[in-house]
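Structure record follows, encoded as structure tokens.
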Amino acid sequence: MERTKIVDLLTTTEFGKKTLIKGWVRTRRGNKNVAFIALNDGSAIHNIQVVVDIAKFGEEFLKPITTGACIGVVGWLVESQGQGQSSEIQAEEIEIYGTADPAVYPLQKKGHSLEFLREIAYLRPRTNTFGAIFRLRHHLAYAIHEYFNKQGFFYFHTPIITGSDAEGAGSMFQVTVLDIENPVKTEGGKIDYSQDFFGHSTNLTVSGQLEGELGAMALGGIYTFGPTFRAENSNTPRHLAEFWMIEPEVAFNDINANMDLAEDFLKYVITYALEHGKDDIEFLNKMYDNELVERLNFVLDKRFVRLTYTEGVEILEKSGWKFEFPVYWGADLQSEHERFLVEEHFKRPVILTDYPKEIKSFYMKQNDDGKTVRGMDVLFPRIGEIIGGSEREADYQKLLNRVQELNMSMENLWWYLDTRKFGTAPHAGFGLGFERLVLFVTGMQNIRDVIPFPRTPKNAEF
Ligand code: 4AD
Ligand code: MG
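Oh and the sequence shown: position 412 is 423 in the numbering used here, straight run, nothing missing.
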């Protein structure tokens, strides 16, 4: 007999049909004569109720069916008498696949804190909350591919091991096969990376952008969607050491087209999540964040405000608001500043552009004022920066000057500069932090709760 998923049972009207379901026991209650087992198979937030005639199976047999146990049930699908569910299963046969000793099963009781669940990240997908979050994460990932495919973009795979530092931030995880306790040294006493696996030093990528640009300069419009790694020691609710990034890159786009794309893209994937993850979003709205659905619709309804960094800083300076970090022209904005603009001042998402060149990456297109670059950050309620991007410097000489000003090594970047020598063109792109998007759509507060296995400083156990 073929297994039916619970998500399909919830909408069926084929009552009286013999059905096989399999899943994990969420709760078991009842009396001497009858047991009610709430079974969940992960296909939906909802459980199906299994009604068990105790005399039929015997108490001894049913005893190990406790919270967390995994069972298969063959039974009749009937219309439910009880409230809150439309159908239930009257058990004819039960197979126990795995027990979960109540004395030691960590999820025996309900209502654990998110902090506690983080410590048992290997089990937390079994909870309603994390089931909802990870299903939504899937829907968002799927929506992203759907969006770009519909728009004629090509999914371009950029390397995870690289020799270059795309952001110039200098916080990378090194990749090496050298014996770190006894590395081969050069005559000058430095580690001899020519002896390493790739013949030079390598690290995990912080961004697929530089290679993505090569793709855009050939295929027109591409996007990447892969893991990125940053060894910055920022222990915040918005930073991970390993996170997923989506980076579209488009030939012939300027900064305005880049902003249009970012806004349209975000609205598309949020709409998709509201349509396909409705039950999960409603669950999270009820349990964690009563304003979630409202906030999602709010972002969809409003045009994002577009203004320059300079205008933004003026607003912040005049606000009279007490910020923890000082704000002045030239300062890198903190999330408290970004959130002020979005949540207090404009009350809608904001795209800031034309940042001081000193606080942005070397590749951004330089404005004629000599001070600012054509970068853009999309700022969201509760999140702050969700997207960072720019129009790219397409002029070889200007790019080279900037690379030299910053003392960056041409050894790792010559190929990137070559794109400006051979058929250069205006182009633009951006990076969306996938987990920041999932944070926004789930209403969760901590980025550790929206990725199955978070990697943060001092934490990579499972
Ligand atoms: O602003 P960032 O550093 O931009 C880039 O990496 C560019 N190469 C993107 C591009 O133009 N193609 O990072 C982009 C986004 C941020 O806006 C943020 O959402 C997310 O990535 N992000 C992080 N998310 C989680 N943990 C971290 N440590 C993150 N750092 C950046
Ligand atoms: Mg950024």
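C-beta: ideal position from N, C-alpha, C; glycine also. Remember, predicted model here, so these are calculated numbers, not experimental data.
Spell out the partners DSSP gives residue 60 in its beta bridges. Walking along the sequence shown from the start, residue 60 turns up at place 49. Bridge partners of residue 60: 49 and 99.
How should residue 157 be labelled, buried or exposed, when 16 other C-beta atoms within 10 angstroms of its C-beta is the threshold for buried? Indexing the sequence shown from 1 puts residue 157 at position 146. Classification of residue 157: exposed, given that the 10 Å Cβ count is below 16.
Determine the extent of the alpha helix (DSSP H) in which residue 305 is found, giving its start and end residues. By one-based count along the sequence shown, residue 305 stands at place 294. Residues 303-312.
Beta-carbon proximity check, residue 185 vs residue 205, cutoff 8 angstroms: Taking the sequence shown and counting its residues from 1, the one referred to as residue 185 is at position 174. Taking the sequence shown and counting its residues from 1, the one referred to as residue 205 is at position 194. No, the Cβ-Cβ distance between residue 185 and residue 205 is not below 8 angstroms.
Cβ pair residue 453, residue 307 closer than 8 angstroms: Taking the first residue of the sequence shown as position 1, residue 453 is located at position 442. Taking the first residue of the sequence shown as position 1, residue 307 is located at position 296. Result no, Cβ atoms of residue 453 and residue 307 do not sit closer than 8 angstroms.
Collapsed DSSP secondary structure at residue 250 in the structure displayed: Stepping through the sequence shown from its first residue, residue 250 is reached at position 239. Of the three classes helix, strand and coil, the one that applies to residue 250 here is coil, per DSSP.
Residue environment, residue 108, which counts as buried when at least 16 other CB atoms sit within 10 Å: Taking the sequence shown and counting its residues from 1, one reaches residue 108 at position 97. With fewer than 16 other Cβ atoms within 10 Å, it is exposed.
Considering just the uninterrupted stretch of the beta strand (DSSP E) at residue 446, what are its terminal residues? The residue labelled residue 446 in the question sits at position 435 within the sequence shown. Boundaries around residue 446 are those of the alpha helix (DSSP H), 445-453, since no beta strand (DSSP E) includes it.
What whole-angstrom Cβ distance do residue 64 and residue 16 have, given they're in contact under 8 angstroms? Counting from one through the sequence shown, the residue named residue 64 turns up at place 53. Counting from one through the sequence shown, the residue named residue 16 turns up at place 5. Contact doesn't hold; Cβ gap of about 25 angstroms is too wide.
Burial state of residue 115 (16 or more Cβ within 10 Å): Numbered from 1 along the sequence shown, position 104 holds the residue referred to as residue 115. That one is exposed.
Bridge-paired residues (DSSP) for residue 474: This structure does not reach residue 474, given that the chain is present from 12 up to 473, and the question cannot be answered.
Residue 227 and residue 260 closer than 8 angstroms at C-beta: Position 216 of the sequence shown, counted from the start, is the residue given in the question as residue 227. Position 249 of the sequence shown, counted from the start, is the residue given in the question as residue 260. Yes, these two residues count as a Cβ contact at 8 angstroms.
Residue range of the beta strand (DSSP E) that residue 15 falls in? In the sequence shown, residue 15 corresponds to position 4, counting from 1. Where residue 15 is concerned, there is no enclosing beta strand (DSSP E), given that its DSSP letter is neither H nor E.
For residue 334 and residue 391, what's the separation of their Cα atoms in angstroms? Counting from 1 along the sequence shown, the entry for residue 334 is found at position 323. Counting from 1 along the sequence shown, the entry for residue 391 is found at position 380. One C-alpha to the other measures close to 18 angstroms.
Using the beta-carbon of each residue, find all residues closer than 7 angstroms to any heavy atom of the ligand MG and list them in chain order. 388, 396 and 399
Mark residue 421 as exposed unless 16 or more other C-beta atoms lie within 10 angstroms of its C-beta, in which case mark it buried. Numbered from 1 along the sequence shown, position 410 holds the residue referred to as residue 421. Exposed, by the Cβ-count rule.
Could you please give me the residues that DSSP links to residue 332 through a beta bridge? Working through the sequence shown from its first residue, we reach residue 332 at position 321. Its beta-bridge partners do not exist; DSSP assigns none.
Segment contact, 8 angstroms Cβ cut-off, at least three pairs: the region 241-248 with the region 372-388: no
For residue 350, the first and last residue of its enclosing alpha helix (DSSP H): Within the sequence shown, the letter at position 339 stands for residue 350. First-last of the alpha helix (DSSP H) with residue 350: 346-350.
In whole angstroms, what is the alpha-carbon distance linking residue 401 and residue 313? Stepping through the sequence shown from its first residue, residue 401 is reached at position 390. Stepping through the sequence shown from its first residue, residue 313 is reached at position 302. One C-alpha to the other measures close to 22 angstroms.
Distance check for residue 208 and residue 177, CA to CA, integer angstroms please. Counting from one through the sequence shown, the residue named residue 177 turns up at place 166. Counting from one through the sequence shown, the residue named residue 208 turns up at place 197. One Cα belongs to residue 177, the other to residue 208, and the distance between them is close to 21 angstroms.
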